């Protein structure tokens, strides 16, 4: 069963429970938006998405929620930030397990060694390689910080 099928199945379950449960209404609307975004990407690419591509879509949606939360907090809109946080939590369930910093550092070290990278000049090259290997298993900001510090040590 594909990730898209799991999301569609969870949407149907939420539809049945949304009449009596406000949490299910939130889940239903979030999953519908996710399915719509997946469909839009499929239309743009003119093909069905594979699970790893769906994970990319989910990751983008989570990133949008994080940015919205920051904006709402700066604007003093705590209730909207809480709503976005709830949606982000729902979306996170469809992401692969996140790796620890130590596991990410091992991948970074291997990439630096493979690419013979030294200094900040190779930051983009290492980031591209590491993010391709991790595919949704780590936050981009964390990876960027770890790559930067690893490259500084290489100097």
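Residue numbers (the numbering used here): 82 to 236.
Every residue, glycine too, gets a C-beta built ideally from N, C-alpha and C.
Remember, it's a predicted structure, so these values are computed and weren't measured experimentally.
Between residue 114 and residue 88, the C-beta spacing is not below 8 Å. Residue 220 carries a coil assignment under DSSP once its states are collapsed to helix, strand and coil. Each residue's CA atom was taken as its position, placing residue 174 and residue 201 some 34 Å apart. Sorting 166, 84, 82 and 126 by C-alpha distance to the C-alpha of residue 153 places 166 at the top. By the neighbour-count criterion, in which a residue is buried when 16 or more other Cβ atoms sit within 10 angstroms of its Cβ, residue 124 is exposed. Using a Cβ-Cβ distance cut-off of 8 Å, the region 184–203 and the region 128–144 are not in contact, since fewer than three pairs of beta carbons, one from each stretch, lie closer than that value. The criterion of a C-beta distance shorter than 8 Å is not satisfied by residue 136 and residue 169. Taking the C-beta atoms as reference points, residue 208 is found no nearer than 8 Å to residue 188. Looking from the CA of residue 219, the closest CA among 140, 122 and 112 belongs to 140. Residue state for residue 98 is assigned as helix, using DSSP reduced to three classes.
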